[in-house]
Amino acid sequence: MDTVEGRETLVDKGSESSAGGAPVSLGALLVRLVTAEDVAAPSSRHRLDSCSSVLFSRSEANGGQSRDGVLSVAVDDRYVSTRHLRLLREGSRWKAVDEGSTNGTFLDGRRLGRGEERLLGDEALLEVGHTFFLFRNDARGSAETPSTVAPSRRDGHEPTTLNPEWELELARIERLAPTGHELLVEGESGVGKEVLARALHARSGRPGPLVSVNCGALSENLLDDELFGHVRGAFSGAQSDRQGLIRAAHQGTLLLDEVGEMPPGLQVKLLRVLEDHRVRPIGTEAETSVDVRIIAATHRDLRKLVADGTFRQDLLARLGLLTTRVPPVRQRREDLGILIRSILRSGPPGSDRLRFDLDALRQVLLHPWPLNVREMRQALRVAVDLARGDGAQAVAVSSHHLPQGVREGAPGVPAPSGAAREFTSEERQQRERVVALLGAHQGNVAAAARELGLARTNLQRLMARLEIGRSDGG
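Count along the sequence shown from 1, add 248, and you get the number used in our numbering.
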């Protein structure tokens, strides 16, 4: 360590010294998602960066303990063997080795034979007994991410997310919650942008209400009146004053959902509110002071809209100074168990205590959910209602209760990043074999699945993961 006249030179550790810095590589992660017979049991997460192997075995309580580079994962599941599955690190990759389990292990819906070894891809769904785990080879997040996150079942508390990168971003956003800064929330339809806005308002400490409006659901005149209000006689039918949503949100938060759909004329009026903190209702020259925080949400690329001339650059500069993007479900599969429990708990009492048939839960976890949480919520609620309607004493969600799209998968869904994937050597071999079989069977998925020893739906999901179309074999 250098010293100058007795003073030490401080070591700059960069982003690794701050939980609020840029995401860093955390190495491999293992997340316990959900058990078919006990969906209410909370998820847990383990970092594997200091481990050389992971051993799965049956126990009376879920948990994990690391010693001498070995993580022992205890699984409270009567279908798990005393020694069931081992994961072994091989350089920068991991492989799964079945330990001669009674009920076998499934990897991405495909059975792993007794004693069989298989290299894991960048992401894998492991089925150990009736309990599902997600493996991710290279996660990113805060350097201070704890080695284990295991919520207590006694208090039922689970974190909002087990995805480390989204966890880091949520921590940043939560620090902004008490401030008055505008915030732009981006993300695909159905990811939960309004849920995030409500959480931010609840933590803001602002005494006023949260008021929301969908800017794409109303015509320009109606949206103008909805936002800014009017005075009596401002137009035909205006028989009384209306304060409008901006004034209704005084000392609170105004959520402008789908702000990219706002007409240009109203964008100018909104910009004046942001700059002057004053609002002028339709039909009067008088202005009223207003204290309102704006959270804007959109599934569109506002920067592209600015380039196209349909969204004002100066308004984007105000709304987009602080931006967060809510990731789609396919990019935060660590949270599948949390999302399932949250949806079931919001339904009829006892919904989170029902069980899933193994095939049904496997289909839910392998489905890419292109319409995100909104699609998952609708599918699970329908499935629960249908399961209850069967009249069985022990309610169980079966495969036939799920929507057809979930049962059959969605092989046409594009890769999340929009860029070409880099496949592992094992994935390339799998891809070549599937393409060859599809060619041999003239694109008949069912015939190819029979030859592979897979269910048709599992082959469809494998095709989706390996980006194979039916025509690729021809």
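Every residue gets a Cβ at the ideal spot worked out from N, C-alpha and C, and that includes glycine.
{"Query": "Cutoff 7 Å: E406 Cβ touching any chain D Cβ", "Result": "The structure shown has no chain D; it contains just one protein chain."}
{"Query": "Of the residues H405, A450, A565 and A496, the one placed nearest R423, counting alpha carbons only", "Result": "A450"}
{"Query": "Coarse secondary structure for R306, derived from DSSP in three states", "Result": "strand"}
{"Query": "Burial state of D524, where buried means 16 or more other Cβ atoms lie within 10 Å", "Result": "exposed"}
{"Query": "Own chain residues within Cβ distance below 6 Å of S320, not counting five before or after", "Result": "L303 and Q313"}
{"Query": "Q626 (DSSP reduced to helix, strand or coil)", "Result": "helix"}
{"Query": "Delimiting residues of the beta strand (DSSP E) encompassing D386", "Result": "T379 to G389"}
{"Query": "Status (buried if at least 16 other CB within 10 Å, exposed otherwise) for P616", "Result": "buried"}
{"Query": "Bounding residues of the beta strand (DSSP E) (the contiguous stretch that carries E365)", "Result": "E365 to L367"}
{"Query": "Of the residues P426, D370 and T350, the one placed nearest T330, counting alpha carbons only", "Result": "T350"}
{"Query": "Complete alpha helix (DSSP H) runs within the region 437-475 (minimum length 4 residues, chain order)", "Result": "441-452"}
{"Query": "Residues near R337 by beta carbon distance below 6 Å, same chain, minus five either side", "Result": "S300"}
{"Query": "For V554, the first and last residue of its enclosing beta strand (DSSP E)", "Result": "First-last for V554: L550 to D556, but that is the alpha helix (DSSP H), not the beta strand (DSSP E)."}
{"Query": "Cβ distance (whole Å) where G500 is taken to contact S291 below 8 Å", "Result": "The pair is not a contact, with the Cβ atoms about 34 Å apart (cut-off 8 Å)."}
{"Query": "Three-pair Cβ contact test at 8 Å for the region 623-638 versus the region 585-596", "Result": "yes"}
{"Query": "Candidates G348, R366, N385 and S395, of which the one nearest G377 by Cα", "Result": "G348"}
{"Query": "Those residues which DSSP pairs with Q313 across a bridge", "Result": "S320"}
{"Query": "Buried or exposed (CB count within 10 angstroms, at least 16 for buried), R362", "Result": "exposed"}
{"Query": "Where the beta strand (DSSP E) through D505 begins and ends", "Result": "G500 to D505"}
{"Query": "The region 413-427 touching the region 564-576, judged by at least three CB pairs closer than 8 Å", "Result": "yes"}
{"Query": "For R698, the first and last residue of its enclosing beta strand (DSSP E)", "Result": "No beta strand (DSSP E) contains R698, which is instead part of the alpha helix (DSSP H) from V693 to L700."}
{"Query": "Contact check, G352 vs R358, beta carbons under 7 Å", "Result": "no"}
{"Query": "Spatially closest choice to H649 from A608, L686 and Q678, by CA coordinates", "Result": "A608"}
{"Query": "CB of A631 within 7 Å of CB of V645, strictly", "Result": "yes"}
{"Query": "Same chain only: Cβ atoms within 8 Å of P271, ignoring 5 sequence neighbours per side", "Result": "R388, G389, S390, P412, E413 and L416"}
{"Query": "beta-carbon V328 near the ligand HEM non-hydrogen atom, thresh 6 Å", "Result": "In terms of ligand content, the structure shown is empty, and the ligand HEM therefore cannot be addressed."}
{"Query": "Nearest neighbour of D356, chosen from A695, E675 and R681 [CA to CA]", "Result": "E675"}
{"Query": "CA nearest to the CA of D562, picked from Q487, V279, V516 and V345", "Result": "V516"}
{"Query": "Nearest neighbour of I543, chosen from R610, V554, A635 and K441 [CA to CA]", "Result": "K441"}
{"Query": "Between the CA atoms of A322 and P394 - distance to the nearest angstrom", "Result": "19 Å"}
{"Query": "Option nearest V538 by Cα separation, candidates N706, F559 and G492", "Result": "G492"}
{"Query": "Cβ-based burial, A696 [other Cβ within 10 Å; buried from 16]", "Result": "buried"}
{"Query": "Cβ neighbour criterion (16 or more within 10 Å) applied to S273", "Result": "exposed"}
{"Query": "Outcome for V318 when other beta-carbon atoms lying within 10 angstroms are tallied against a minimum of 16", "Result": "exposed"}
{"Query": "Residues that DSSP places opposite E434 in a beta bridge", "Result": "T546 and R573"}
{"Query": "Three-state secondary structure (DSSP) of G598", "Result": "coil"}
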